[in-house]
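Here is the structure we will look at, set down as structure tokens.
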């Protein structure tokens with residue numbers, strides 16, 4: 031996949047398609063694979079409009095004591111949720127639809143992107159959902175200099191325009207003033223009292239993407255971050 035992805039991406043780009051790659055970086059112990067993956071990522075970034083990166087080392091930091099299948103399920107479900115959110119917002123009639131042209135604007139030459147999902151059903155649900163989306167335990171991201179963001183908000187019949195606007199404000203506050211922000215929203219009758227925020231932020235910087243971690247030791251991390259994300263994605267973690 032590492033060698034073939036740039037070729038497939040180039041073929042897709044030649045047809046005029048928006049090319050969005052989703053990749054995972056190897057574990058630190060896989061030294062030979064890390065060099066190959068970093069080279070493959072650099073090649074893919076040359077031909078893809080946007081590359082979304084998830085680093086396996088974050089699984090070690092946050093889920094090292096979990097069964098392998100459950101740990102990887104979190105990363106896989108995160109990618110699936112991202113794709114589902116974009117497709118549904120464009121294809122399914124919603125409260126506020128994302129226009130294909132808007133998505134193309136954000137993704138074209140978007141560089142490296144980060145995905146995040148946050149959900150909450152408390153009285154402070156908007157702030158908590160946004161915080162969860164922007165502090166994803168599988169990514170170590172610096173949003174300064176980010177070029178754009180796609181925001182997808184899902185909520186119940188009680189979701190208000192103020193809620194949606196507040197989500198946009200909170201996400202925008204963490205980025206540069208000239209970043210391009212677009213958003214969509216869906217109403218789900220089964221989500222009364224709950225809000226879910228999905229973000230795709232392009233043009234981000236990350237020490238993990240560069241293959242050098244400057245993150246804090248695992249002991250200082252919030253070990254419940256992974257459990258919170260698992261609850262949001264509907265994944266049950268059994269110890």
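Numbering (the working numbering), first residue to last: 31 to 269. Cβ coordinates follow ideal geometry from the N, Cα and C atoms, glycine included. Please read all numbers here as calculations on a predicted model, not as lab measurements.
One or two residues paired with residue i in a DSSP bridge
i	result
residue 179	211 and 231
residue 226	149 and 184
residue 109	The partner list for residue 109 (beta bridge, DSSP) is empty, contrary to what the question assumes.
residue 80	50 and 141
residue 154	DSSP output for residue 154 lists no bridge partner at all.
residue 85	55
residue 217	185
residue 126	215
residue 172	235
Cβ pair residue i, residue j closer than 8 Å
i	j	result
residue 147	residue 226	yes
residue 98	residue 53	no
residue 75	residue 141	yes
residue 285	residue 157	Residue 285 is absent from the structure shown; the chain starts at 31 and stops at 269.
residue 39	residue 31	no
residue 229	residue 128	no
residue 130	residue 122	no
residue 144	residue 231	yes
residue 180	residue 217	no
Cβ separation of residue i and residue j, assumed to be a contact under 8 Å, to the nearest whole Å
i	j	result
residue 79	residue 126	Going by Cβ atoms, the distance from residue 79 to residue 126 rounds to 23 Å, so no, they are not a contact pair.
residue 173	residue 205	5 Å
Among the options, nearest to residue i - alpha-carbon criterion
i	options	result
residue 175	61, 209 and 58	209
residue 101	112, 85 and 113	85
residue 161	139, 202 and 138	202
residue 81	63, 88 and 68	68
residue 171	41, 62 and 233	233
residue 133	123, 122, 117 and 43	117
residue 70	33, 194, 213 and 37	33
residue 192	215, 139 and 207	215
residue 272	88, 213, 108 and 152	Past the edges of the chain, shown from 31 to 269, lies residue 272, and the structure says nothing about it.
residue 159	73, 197, 62 and 111	197
residue 44	77, 235 and 155	77
residue 149	62, 111, 139 and 95	111
residue 135	35, 47, 72 and 96	47
residue 73	96, 35, 63 and 113	35
Any chain B beta carbon closer than 8 Å to residue i
i	result
residue 105	Of the chains in the structure shown, none is chain B; there is only one protein chain.
Residue i beta carbon near the ligand FMN (any heavy atom closer than 7 Å)
i	result
residue 229	The ligand FMN is not among the ligands present in this structure, which contains no ligands whatsoever.
Using 8 Å as the cut-off, can you tell me whether the region 220-234 makes contact with the region 179-199, which would need three or more C-beta pairs spanning the two stretches below that distance? With the cut-off at 8 Å, the region 220-234 and the region 179-199 touch.
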